[in-house]
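Data first, discussion second: the structure below is written as C-alpha cells.
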Amino acid sequence: MKSFIFTLTLLTNAVLLTACDNLKKESPQAPPEKSEQSVNISSEEKPAKSIPVQNIETLVDNKIAESIKFLNEESRRASSDGDYFKYALNSKNIIKSDLNHDGKPDYVVEASFCEETNCHSTTMSYEAFIFTTDQQEQINFITDLNLGLDAKVTNINKDGIITIENHEYAEDDPSCCPSIITHQTYALVGEKLALLADGQGK
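Heads up: take any position in the sequence shown, counting from 1, add 21, and you land on the working numbering.
Here's what the structure looks like:
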C-alpha cells in the first residue's frame, strides 16, 4: 500500500511539472526591465527648454524703429505736396541705473532723430525710453518721453530721480539757438514714471 501511494505521488508531481513547463512555453515573454543606466541616458537625451534671452540693445532698437516710423507718418500727414521729412536715428545713449531700488538694473535711454537729408536743429526730435528689470530678469518697457530741443539726461541720483534738461525758444531767438533752459525731474512710482518738477533757468 505504501509503495502504491509513493508511486502515485511521483506520477502526480511529474504531471504537474509537465503542465508548468507547457505554461511557460505558451505565455509571452515579459519585456526586459530597463536598467538604471538606460533610464539616465534617455533623460539626458531630452532637449532642454530654451529660455528666451532678452537683450536691452534689441529692445531699444525696436523702440527706435517704432519712433522713426511714427515721425515719418506724422511728417507725411503734415505735408501738402508729398515732400515730407524722412527721419533717421541721430544718436542713442543707454544709461544703466537701479531706478526702483530692487537690486536689478534699469535703463534710461536717450535718443535723438533727425531728417536724413537736411539735419539741423529745427528738424531734430528727442525722446527718452524707460525700461525696468523685474525679479525674473525680464526687461519691461515702461514709457517714452517726448522731449524738447537739445534734450539730455543730466543726472540720475541715488534715489532714482532722473533730471532731464531741455532747451526752448525765447520770442526773439534765432532758429539755431534756443536760449531757455528747462529742467524736468522724474521718478518711478510703482510701474509708472511720474513728473516731480518742471522748472526754467537761464
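Where a beta carbon is used, it is the ideal one built from N, C-alpha and C, also for glycine.
Span separating the alpha-carbon of residue i from that of residue j
i: residue 219; j: residue 179; result: 20 Å
i: residue 163; j: residue 114; result: 17 Å
i: residue 183; j: residue 209; result: 9 Å
i: residue 98; j: residue 169; result: 21 Å
i: residue 197; j: residue 96; result: 21 Å
i: residue 216; j: residue 119; result: 18 Å
i: residue 174; j: residue 123; result: 22 Å
i: residue 176; j: residue 185; result: 7 Å
i: residue 165; j: residue 88; result: 10 Å
i: residue 100; j: residue 93; result: 11 Å
i: residue 187; j: residue 199; result: 10 Å
i: residue 103; j: residue 136; result: 15 Å
i: residue 211; j: residue 138; result: 42 Å
i: residue 12; j: residue 155; result: Residue 12 lies beyond the residue range present for the chain, which begins at 22 and ends at 223; the question has no answer from this structure.
Sub-8 Å separation of residue i and residue j beta-carbons
i: residue 160; j: residue 80; result: yes
i: residue 147; j: residue 172; result: yes
i: residue 132; j: residue 77; result: no
i: residue 190; j: residue 202; result: no
i: residue 121; j: residue 153; result: yes
Where residue i sits in the DSSP three-state scheme
i: residue 191; result: coil
i: residue 143; result: helix
i: residue 200; result: coil
i: residue 95; result: helix
i: residue 213; result: strand
i: residue 82; result: helix
i: residue 58; result: Note that residue 58 scores 42 on pLDDT, short of 50, meaning its location in the model is unreliable and no value can be drawn from it.
i: residue 90; result: helix
i: residue 151; result: strand
i: residue 77; result: helix
Closest Cα partner of residue i within the set the options
i: residue 207; options: 155, 170, 150; result: 150
i: residue 90; options: 76, 101, 105, 78; result: 105
i: residue 83; options: 130, 216, 201; result: 130
i: residue 134; options: 143, 126, 117, 127; result: 143
i: residue 125; options: 100, 157, 101; result: 157
i: residue 116; options: 123, 128, 107; result: 128
i: residue 107; options: 123, 121, 145; result: 145
i: residue 205; options: 195, 167, 103, 138; result: 167
Beta-ladder partner(s) of residue i, from DSSP
i: residue 127; result: 118
i: residue 112; result: 133
i: residue 173; result: 186
Below-8 Å beta-carbon distance, residue i vs any chain D residue
i: residue 216; result: The structure shown contains no chain D, having only a single protein chain.
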